[in-house]
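Undergrad: Before I ask anything, here is the structure I am working with.
Number of protein chains: 2
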Amino acid sequence: MASAPRWVEAINKALSHPDNKGKIIYQVATVDASTAPHARSQVHRAFMNPEGRPDLPLLVTSTDVRTPKVAQLRVNQRVELAWWMEGSQDQFRISGFAHIHPSPAAPGDASQPTPIPAEAAALKALEATTFDWEAKRLEIFNKMSPSMRASWCVPRAPGSKLDSYEEQKKWPREVPLEPQNGEDEKNLEMAKSNFALMLIEPISVDWVELGIQPNRRTIFTREGEKWTEQLAIP
Amino acid sequence: MASAPRWVEAINKALSHPDNKGKIIYQVATVDASTAPHARSQVHRAFMNPEGRPDLPLLVTSTDVRTPKVAQLRVNQRVELAWWMEGSQDQFRISGFAHIHPSPAAPGDASQPTPIPAEAAALKALEATTFDWEAKRLEIFNKMSPSMRASWCVPRAPGSKLDSYEEQKKWPREVPLEPQNGEDEKNLEMAKSNFALMLIEPISVDWVELGIQPNRRTIFTREGEKWTEQLAIP
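Structure below.
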């Protein structure tokens, strides 16, 4: 069986470094319809791969389907994320395609997954193996904390206008998986419908090791379905 | 006199939080000629503003003039950076224009500063006050550590192919400001010629406070030369 590219091991090794505890936040860059860049912090939830294809890893993260990034990804699916692990001084820059899998209950067109680009071999492989996207979406949703889950119950798109902090007082603070009452049930349904799975399929990874002297840099590139690596000038 | 927008104070306050010690690294997103996004970590060096115009702040960072980001900025000067301050759980997303001021000694076209967009009021104001770009560039260069300065002495563009780690052994490890010999002098000249000043002019700032409950979000927008702020849904 094909094996995972070496950069996955490098990331896992860096994550296990005691000084990198909790360093599961990276900054994801996208491009909007007017070709302006955007960047925001997201939480790395897991790696995954199509069954039997550890050589085609994907990163699992999530979003609110109403955020501008989803609209941006419907226009341009290219992303690059910068993952800075301060403790070990490692930087991983991961470039590739993002795929949004929303809830089938999201309103109107928002329920449509983003199209899968022809070059996105891992996403294509998932599609070919009739991967259960919805089960994966719910698996990640169910792992979230009740307070995190409440963040998908804001009444309008994140980033949209708020008249006063007073309004926030009416929003749920926690959305438990086991509703205790009708209010909890309604909130759970809303959170579940706004929560979208976001998968990132890397096609190149640029790893800089600033923690060692002289610094090292390795660039991993996928051509077709094959990963190659090349030393580079830091 | 016009005063600094409130987000500058918010960043400085977050930076002074004891748990945010050393959090001067942000991830800067750019767009390349094929409209793919890119993101990398950069070090925040300082704020600055045109004389008498604290209402038009800029962020000071730097780069090697040979990096792909400089080529990207020559095509598209829009940038957005995400500044995550883990200790206080503040995120600042700063969107605007980047300006590269290279060394006049950089080879050929690389010595040309990037053009200043008409909407870039702060950069325009600097230009109008005959700001001494080169003096600023050297001020920042001179503040760098000797080992940081050595990073601009790599023989080819950062990111380009390296045949083996053996080659690195010939590169200088330190470039002191006061050369002790001809080798030091040559290295200082090379570092100085590859070092470019990078200024970022913000036109909108999206501040999310995840350290307080309920979370807060404030979006600052510059229209013309005037900053306004609006509460937003986190």
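Chains as they are written, first to last, in our numbering: chain A, 19 to 252; chain B, 19 to 252.
Here a beta-carbon is modelled for each residue, glycine too, at the ideal position from N, C-alpha and C.
Note that this is a predicted model, so its numbers are computed, not measured.
Measure the Cβ-Cβ separation of A/Leu215 and A/Ile134 and say whether it is below 8 angstroms.
TA: Start at 1 with the first residue of the first sequence, and residue 215 of chain A comes out as number 197. Start at 1 with the first residue of the first sequence, and residue 134 of chain A comes out as number 116. No. Outside cutoff.
Undergrad: State the CB to CB distance for the pair A/Glu219 and A/Leu76, rounded to an integer number of angstroms; the pair is presumed to be in contact (CB under 8 angstroms).
TA: Walking along the first sequence from the start, residue 219 of chain A turns up at place 201. Walking along the first sequence from the start, residue 76 of chain A turns up at place 58. The pair is a contact, with the Cβ atoms about 5 angstroms apart (cut-off 8 angstroms).
Undergrad: Using 8 angstroms as the cut-off, can you tell me whether the stretch 39-57 of chain A makes contact with the stretch 95-107 of chain A, which would need three or more C-beta pairs spanning the two stretches below that distance?
TA: The stretch 39-57 of chain A vs the stretch 95-107 of chain A: in contact.
Undergrad: What in chain B is Cβ-close to A/Pro252, meaning under 8 angstroms?
TA: Residue mapping note: residue 252 of chain A aligns to position 234 of the first sequence, counting from 1. Under the 8 angstroms cutoff, chain B gives Ser169, Val172, Pro176.
Undergrad: Just the Cα atoms here: how many angstroms apart are A/Leu217 and B/Arg58?
TA: As a first step, residue 217 of chain A is located in the first sequence; it is residue number 199 there, counting from the start. As a first step, residue 58 of chain B is located in the second sequence; it is residue number 40 there, counting from the start. Each residue's alpha carbon lies about 20 angstroms from the other.
Undergrad: Tell me which same chain residues have a C-beta within less than 6 angstroms of the C-beta of A/Asp82, skipping the five on either side of it?
TA: What you label residue 82 of chain A is simply residue 64 of the first sequence in a count that begins at 1. Excluding sequence neighbours, A/Asp82 sits near Trp170, Pro176, Asn212.
Undergrad: Run through chain B and tell me which residues come within less than 8 angstroms of A/Glu98, C-beta to C-beta.
TA: Indexing the first sequence from 1 puts residue 98 of chain A at position 80. Here the neighbours are Ala47, Ala54, Pro55, His56, Ala57.
Undergrad: For B/Ile118, which residues does DSSP report across the bridge?
TA: Taking the second sequence and counting its residues from 1, one reaches residue 118 of chain B at position 100. In DSSP, B/Ile118 forms a bridge with B/Met216.
Undergrad: Can you check which of these residues, B/Ser222, B/Gly242, B/Glu243, is closest to B/Thr236 by C-alpha distance?
TA: Numbered from 1 along the second sequence, position 218 holds the residue referred to as residue 236 of chain B. Comparing Cα-Cα distances from B/Thr236 to each of B/Ser222, B/Gly242, B/Glu243, the minimum goes to B/Ser222.
Undergrad: Quick check on A/Asn205: buried or exposed, where buried means 16 or more other Cβ atoms within 10 Å of its Cβ?
TA: To locate residue 205 of chain A, count along the first sequence from 1; it is residue 187. By the 10 Å Cβ count, A/Asn205 comes out buried.
Undergrad: Terminal residues of the continuous beta strand (DSSP E) containing A/Glu243?
TA: Your numbering for residue 243 of chain A matches position 225 in the first sequence. Counting along the chain, A/Glu243 falls outside any beta strand (DSSP E), and DSSP gives it neither H nor E.
Undergrad: Assuming contact is defined by CB atoms lying nearer than 8 angstroms, are B/Pro232 and A/Gln186 in contact in what I supplied?
TA: Within the second sequence, the letter at position 214 stands for residue 232 of chain B. Within the first sequence, the letter at position 168 stands for residue 186 of chain A. Cβ atoms of B/Pro232 and A/Gln186: closer than 8 angstroms.
Undergrad: Which whole-angstrom value describes the C-beta separation of B/Pro68 and B/Leu144, a residue pair presumed to lie in contact below a C-beta threshold of 8 angstroms?
TA: Taking the first residue of the second sequence as 1, we reach residue 68 of chain B at position 50. Taking the first residue of the second sequence as 1, we reach residue 144 of chain B at position 126. Contact holds; Cβ gap of about 5 angstroms.
Undergrad: Going by the beta-carbon positions, is the gap between A/Asp73 and A/Trp245 smaller than 8 angstroms?
TA: Residue numbering aside, residue 73 of chain A sits at position 55 when the first sequence is read from its first letter. Residue numbering aside, residue 245 of chain A sits at position 227 when the first sequence is read from its first letter. Yes, the Cβ-Cβ distance between A/Asp73 and A/Trp245 is below 8 angstroms.
Undergrad: Ignore the nearest five residues each way along the sequence and tell me which others in A/Lys39's own chain have a CB closer than 8 angstroms to its CB.
TA: Here residue 39 of chain A refers to the residue found at position 21 of the first sequence. Taken in chain order, the residues that qualify are Gly105.
Undergrad: Keeping to the same chain, check which residues put their C-beta closer than 6 angstroms to that of B/Met208; ignore five residues upstream and five downstream.
TA: Within the second sequence, numbered from 1, the residue matching residue 208 of chain B stands at position 190. Result list for B/Met208: Cys171, in chain order.
Undergrad: Would you call A/Gln248 buried or exposed, if buried means 16 or more other Cβ atoms sit within 10 Å of its Cβ?
TA: Position 230 of the first sequence holds residue 248 of chain A. Under this definition A/Gln248 is an exposed residue.
Undergrad: For a quick check, are the C-beta atoms of A/Ala250 and B/Lys210 less than 8 angstroms apart?
TA: Residue numbering aside, residue 250 of chain A sits at position 232 when the first sequence is read from its first letter. Residue numbering aside, residue 210 of chain B sits at position 192 when the second sequence is read from its first letter. No.
Undergrad: Within 8 angstroms (strictly less), CB to CB, does A/Ile158 reach chain B?
TA: The sequence position of residue 158 of chain A within the first sequence is 140, counting from 1. It does not; no Cβ of chain B falls within 8 angstroms.
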